[in-house]
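Engineer:
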Amino acid sequence: SAEGRTRRPQDDDSARDAGRGGGGKPVLVQTARDREIRELLRNAERYRYGVSGSKVDYKGALEAYSAASQLGSFQATALLGELYKHGLGVKRDLAKAVSLFKESADAGDPTGQRNLGVLYATGVGVKEDQALALLHYHFASVGGDHMAQLAMGYRHMHGINVPKNCQAAVAFYKPAVDAVAHDVQQF
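Its first residue numbered 34, the sequence shown is counted upward by one per residue in our numbering.
Structure, rendered in structure tokens:
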């Protein structure tokens, strides 16, 4: 989702039941907090990439990601980790980046999973471990992270820590390609 995975209290029956439609099926109930997180993430992206007429402002991105993370967005936590990993708007701190990626990934966030996959694949900030890289890329792919899907497709196409399998490669590549095709059609 746009606002990323968020921490939610699971012991409050009234809050849980409020998100149920007829027949007990879950429905999306957008809270004010969810809207605030989504707006913070939008602002962070504008600052980080200088889109929508904004100038690149890494410190602004850092503040927005931090605020969204504090509100419970694990996606924001992972994106904050990317700023620390690359030293954008903050002094480069790989240990902090790894910690933020692990927090996000442990909560099931695909962005955190993919970032850990990259680190384990390259040995940056952690000991290189291709099995852990594959594990994190796989879970990020299943979670819908298109960059991880491309990484998994590449690994299957070239037999990197997996059996070479073109059909599996296509299965990983296709959702990412479809997403790009959809985005291009929006122009």
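For every residue, glycine included, the Cβ atom is placed at its ideal position computed from N, Cα and C.
Taking A138 and G158 to be in contact with their CB atoms under 8 Å, please state how far apart those CB atoms are, rounded to whole angstroms.
Structural biologist: At roughly 14 Å, the Cβ-Cβ gap does not stay under 8 Å, so A138 and G158 are not in contact.
Engineer: Taking 8 Å as the cut-off, decide whether the C-beta atoms of A109 and L74 are in contact.
Structural biologist: Against a cut-off of 8 Å, the Cβ pair of L74 and A109 comes out as a contact.
Engineer: Helix, strand or coil for S267, going by three-state DSSP, please let me know.
Structural biologist: Beyond the ends of the chain as shown, which are 34 and 220, falls residue 267; an answer cannot be given.
Engineer: Let me check understanding here. Comparing Cα to Cα, which of N148, G93 and V89 lies closest to F172?
Structural biologist: With distances taken between Cα atoms, F172 lies closest to N148.
Engineer: Compare the C-beta of H119 with all C-beta atoms of chain D and state if any pair is closer than 8 Å.
Structural biologist: Of the protein chains in the structure, only one exists, and it is not chain D.
Engineer: Could you tell me the alpha carbon to alpha carbon distance between V195 and S99, rounded to whole angstroms?
Structural biologist: Distance between the alpha carbons of V195 and S99: 37 Å.
Engineer: Spatial neighbours of Q163 within its chain, please: CB distance less than 6 Å, with the 5 preceding and 5 following residues excluded, ordered by chain position.
Structural biologist: Answer for Q163: N194, listed in chain order.
Engineer: S132 bridges to which residues according to DSSP?
Structural biologist: DSSP lists no partner for S132.
Engineer: Under 8 Å Cβ to Cβ from L113, same chain only, skipping five residues before and after it: list those, please.
Structural biologist: Same-chain partners within the cutoff: L95, Y98, S99, S102 and L133.
Engineer: For a minimum of 4 consecutive residues, which ranges assigned as the alpha helix (DSSP H) are wholly contained in the stretch 130 to 166?
Structural biologist: Fully enclosed alpha helix (DSSP H) runs of 4 or longer: 143 to 155.
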